[in-house]
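*Asks:* What follows is a structure written as structure tokens; I'll ask about it next.
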Amino acid sequence: MSDLEAAVAAGVVGADEAHRALLQATVEVARAIFGAKAASVFLLDEEANELVFEAVAGEGEDELIGMRFPADTGIAGWVLTTRQPLVVDDLSADTRWSRSAAESTGYVPKSMMAVPLLVEERALGVLSVLDRPPETRVRLSEVDLLGLFANQAAIALDLLQRARRAREALAGEGRLAPLARVAGRLEEGERDAAFELLQALDRLLADSSRD
Amino acid sequence: MSAALELHEHDEEEVRPAWSLPAEAVDQIRVPVTLPDQVTREWAWGGSTGAGVRVCILDSGIELDHPLVGRVDRSVAVLRDDGGELQVLDDDEGDLCGHGTACAGVVRALAPDVELTSVRVLGAGYTGGGEIMLRGLAWAIEEGFQVVNMSLSTTRTKYVERLHELADRAYFRRVLLVASAHNMPVESFPWRFASVISVGSHEEDESLTFYYNPTPPVEFFGRGLDLDVAWLGGGTLRCTGNSFATPHIAGICALILGKHSDLTPFQLKSVLYQTASNAEGAT
């Protein structure tokens with residue numbers, strides 16, 4: 060593997076997988092700590108105004124990743140819109156939510172804790188914990204704890220999105236793709252002249268930025 | 004038109020503030036001494052139903068004819084017109100998400116005779132929420148509601164200055180902003196401003212139990228755990244969150260104002276302090 064490929068792999072390709080693993084670990088720990096049947100992270104797709112299942116632990120783990128629903132409906136949409144954590148103890152009372160959840164996921168939770176994933180000024184998505192043990196009454200300290208998990212999940216989600224954007228920019232038709240291809244070819248044998256050209260380009264750009 | 008510009012335009016029409024006090028004018032500004040030596044809950048809101056108090060729910064709308072909410076005197080929404088300008092227009096969409104209905108139901112349960120107005124700034128199809136929230140809040144202040152419930156916040160710092168300006172304006176105009184605090188490690192507004200009443204949750208199940216927090220920025224804790232709140236379709240939903248602690252404090256404020264309509268926001272905050280469940284000697 061060339062230096063460049065290694066750099067790209069460490070910075071982008073590997074990062075994508077590592078950040079996804081971090082996100083997955085976060086939902087798994089959240090699920091375990093709350094003794095819940097499932098925990099998940101939804102990513103907000105701003106262009107489509109949809110929430111996308113990005114990581115799931117427990118019920119629906121295999122089927123839900125990538126599934127989408129409108130960003131302004133359901134409890135998750137509520138949390139995203141108001142930027143406020145919310146705990147609902149009996150979702151069956153919300154027939155609208157239960158029906159739509161059943162239709163889209165095949166799993167109808169009875170209770171849900173949800174917190175927005177906020178990084179700096181942006182709301183990136185929602186972390187939710189489904190079906191805590193029914194006999195336990197929720198405590199405010201648990202909501203606070205979920206908020207701390209949300210902070211961690213938000214950072215992982217932010218890194219994942221950055222890595223994806225970097226990979227898209229460097230790959231295929233991306234704007235920086237020619238740069239990545241040129242740099243890759245520079246390592247194919249002796250290309251002193253090409254390196255000199257690159258250095259000249261660097262100086263030219265540095266000079267023009269000073270003007 | 005920006006909210007800031009609007010504020011200046013409205014300034015022209017109002018009583019101008021006094022920047023100094025000539026000796027002969029002192030008699031013109033005599034104010035009533037409204038707080039007794041001992042501020043008790045009985046004095047503060049005993050016998051009050053909130054009648055005559057106008058409460059605004061700045062949220063996702065309110066479902067019409069919900070049995071736990073009852074009469075909604077007016078519903079408006081902040082919408083973009085064809086030219087992209089934000090307008091406050093009468094609205095018959097109700098509540099598409101449920102949050103505003105839940106808040107309205109909490110206020111109604113505490114203060115059954117308040118006049119409720121819904122300003123829809125959240126919900127389906129809303130983007131650019133900060134601008135919409137600011138426009139809705141500016142409208143609520145212009146309309147002179149005595150209490151505005153804001154179970155929402157923004158994390159966008161670009162709105163902070165204008166939001167701060169509006170919060171101060173509300174404070175001086177005796178429009179009490181009651182705002183949900185965030186229990187997450189994140190900066191959000193307007194609850195952090197000293198000019199509003201910021202609310203977090205406690206774990207008890209009495210709606211009139213509330214606490215003053217000696218270590219702000221969260222200034223008060225209201226009932227926010229395991230509540231059966233009004234929900235879409237005329238039903239209820241059992242929920243926990245600061246979103247519902249906030250209308251508890253808003254409802255208590257409405258009760259107080261129902262009995263003492265001339266209280267300023269700083270006096271009302273003092274009354275809350277003196278009648279808080281953790282105030283020593285409070286009765």
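Quick note, the sequences are listed as chains S and R, same order.
In this text, residue positions in the first sequence follow this note's numbering: the first is 60, and each later residue adds one.
In this text, residue positions in the second sequence follow this note's numbering: the first is 4, and each later residue adds one.
Glycine included, each C-beta is placed from N, C-alpha and C at the ideal position.
1. Within 8 angstroms of any Cβ in chain S, is that where the Cβ of residue 57 of chain R sits?
2. Using a C-beta to C-beta distance shorter than 7 angstroms, which residues of chain S count as neighbours of residue 102 of chain R?
3. Since residue 144 of chain S contacts residue 205 of chain S with CB under 8 angstroms, what's their CB separation in whole angstroms?
4. Identify, in the order they occur along the chain, each residue of the same chain with its Cβ nearer than 7 angstroms to the Cβ of residue 112 of chain S, setting aside the five sequence neighbours on each side.
5. Is the beta carbon of residue 235 of chain R less than 8 angstroms from the beta carbon of residue 101 of chain R?
6. So who's on the other strand from residue 214 of chain R, going by DSSP bridges?
7. Using 8 angstroms as the threshold, is the C-beta distance between residue 151 of chain R and residue 242 of chain R below it?
8. Can you pull out the residues from the region 180-212 of chain R whose beta carbon lies closer than 8 angstroms to at least one beta carbon of chain S?
9. Got a sec? Which residues, its chain only, sit under 6 angstroms from residue 84 of chain R by beta carbon, not counting five neighbours each side?
10. Are the CB atoms of residue 80 of chain R and residue 96 of chain R nearer to each other than 8 angstroms?
11. At what residue ranges does the region 115-201 of chain R contain a whole run of the beta strand (DSSP E), taking only runs of 3 or more?
12. Taking DSSP as the reference, what is the three-state secondary structure of residue 244 of chain S?
13. Report yes or no: do the region 238-257 of chain R and the region 22-37 of chain R share at least 3 C-beta pairs separated by less than 8 angstroms?
14. Three or more beta-carbon pairs under 8 angstroms between the region 267-279 of chain R and the region 199-217 of chain R, yes or no?
15. Pull up the distance between the alpha-carbon of residue 262 of chain S and that of residue 221 of chain S, whole angstroms please.
16. Who are the Cβ neighbours of residue 206 of chain R in its own chain at under 8 angstroms, not counting the five residues just before and after it?
17. Under a CB-based cut-off of 8 angstroms, is residue 131 of chain S close to chain R?
18. At a CB distance below 7 angstroms, what residues from the region 211-224 of chain S approach chain R? Give them in sequence order.
19. Could you have a look at residue 256 of chain S and say whether DSSP puts it in helix, strand or coil?
20. Name the residue from R:49, R:252, R:136 whose alpha carbon lies nearest to the alpha carbon of residue 167 of chain R.
21. Could you give the first and the last residue of the continuous alpha helix (DSSP H) run that contains residue 260 of chain R?
22. If we ignore side chains and look at the alpha-carbon of each, how far apart do residue 258 of chain S and residue 240 of chain S end up?
23. Mark residue 274 of chain S as exposed unless 16 or more other C-beta atoms lie within 10 angstroms of its C-beta, in which case mark it buried.
24. Are the C-beta of residue 98 of chain S and some C-beta of chain R separated by less than 8 angstroms?
25. If the cut-off is 7 angstroms on Cβ atoms, which residues from the region 216-234 of chain R count as contacting chain S, listed in chain order?
26. Please work out which residues of its chain come closer than 7 angstroms, Cβ to Cβ, to residue 252 of chain S, disregarding the five sequence neighbours upstream and downstream, and give them in chain order.
27. Can you tell me whether residue 119 of chain S is buried or exposed? The criterion is at least 16 other CB atoms within 10 Å of its CB, across all chains shown.
*Replies:* On the basis of the data shown:
1. If you number the second sequence from 1, residue 57 of chain R lands on position 54. No, no contact with chain S.
2. To locate residue 102 of chain R, count along the second sequence from 1; it is residue 99. Going along chain S in sequence order, the residues near residue 102 of chain R (Cβ under 7 angstroms) are 137, 141.
3. By 1-based counting over the first sequence, the position of residue 144 of chain S is 85. By 1-based counting over the first sequence, the position of residue 205 of chain S is 146. Right, the Cβ-Cβ distance comes to about 7 angstroms (below 8 angstroms), so this counts as a contact.
4. Position 53 of the first sequence holds residue 112 of chain S. Excluding residues within five positions, the ones whose Cβ falls inside 7 angstroms are 99, 101, 123, 124, 125, 126.
5. Taking the first residue of the second sequence as position 1, residue 235 of chain R is located at position 232. Taking the first residue of the second sequence as position 1, residue 101 of chain R is located at position 98. Going by C-beta atoms, residue 235 of chain R is nearer than 8 angstroms to residue 101 of chain R.
6. Here residue 214 of chain R refers to the residue found at position 211 of the second sequence. Partner(s): R:224.
7. As a position in the second sequence, residue 151 of chain R is number 148, starting the count at 1. As a position in the second sequence, residue 242 of chain R is number 239, starting the count at 1. Cβ distance not < 8 angstroms, so residue 151 of chain R and residue 242 of chain R don't count as in contact.
8. Under the 8 angstroms Cβ criterion, the region 180-212 of chain R contributes 183, 185, 186, 187, 188, 189, 191, 204, 205, 206.
9. Stepping through the second sequence from its first residue, residue 84 of chain R is reached at position 81. Excluding sequence neighbours, residue 84 of chain R sits near 90.
10. Taking the second sequence and counting its residues from 1, one reaches residue 80 of chain R at position 77. Taking the second sequence and counting its residues from 1, one reaches residue 96 of chain R at position 93. A contact, by the Cβ cut-off of 8 angstroms.
11. Qualifying beta strand (DSSP E) stretches, in chain order: 118-123, 150-153, 179-183.
12. Along the first sequence, read from residue 1 onward, the residue named residue 244 of chain S stands at position 185. Residue 244 of chain S falls in the helix class under three-state DSSP.
13. no
14. yes
15. Looking up residue 262 of chain S in the first sequence gives position 203. Looking up residue 221 of chain S in the first sequence gives position 162. Going from the Cα of residue 262 of chain S to the Cα of residue 221 of chain S covers about 28 angstroms.
16. Position 203 of the second sequence holds residue 206 of chain R. So the list reads 228, once near-sequence residues are dropped.
17. Position 72 of the first sequence holds residue 131 of chain S. Yes - at least one Cβ of chain R is within 8 angstroms of the one on residue 131 of chain S.
18. none
19. For the purposes of this step, residue 256 of chain S is taken as residue 197 along the first sequence, with counting starting at 1. Note: residue 256 of chain S maps to helix in three-state DSSP.
20. Position 164 of the second sequence, counted from the start, is the residue given in the question as residue 167 of chain R. Measuring C-alpha to C-alpha distances from residue 167 of chain R to each of R:49, R:252, R:136 identifies R:136 as the nearest.
21. For the purposes of this step, residue 260 of chain R is taken as residue 257 along the second sequence, with counting starting at 1. DSSP places residue 260 of chain R in the uninterrupted alpha helix (DSSP H) bounded by 245-262.
22. Here residue 258 of chain S corresponds to residue number 199 of the first sequence, with the count starting at 1. Here residue 240 of chain S corresponds to residue number 181 of the first sequence, with the count starting at 1. Straight-line Cα distance between these residues: approximately 16 angstroms.
23. In the structure as shown, chain S begins at 60 and stops at 270. Residue 274 of chain S is therefore absent and cannot be evaluated.
24. Indexing the first sequence from 1 puts residue 98 of chain S at position 39. No, residue 98 of chain S does not count as interfacial toward chain R.
25. Within the region 216-234 of chain R, the qualifying residues are 228, 229, 234.
26. Residue mapping note: residue 252 of chain S aligns to position 193 of the first sequence, counting from 1. Excluding residues within five positions, none has a Cβ falling inside 7 angstroms.
27. To locate residue 119 of chain S, count along the first sequence from 1; it is residue 60. So residue 119 of chain S ends up on the buried side.
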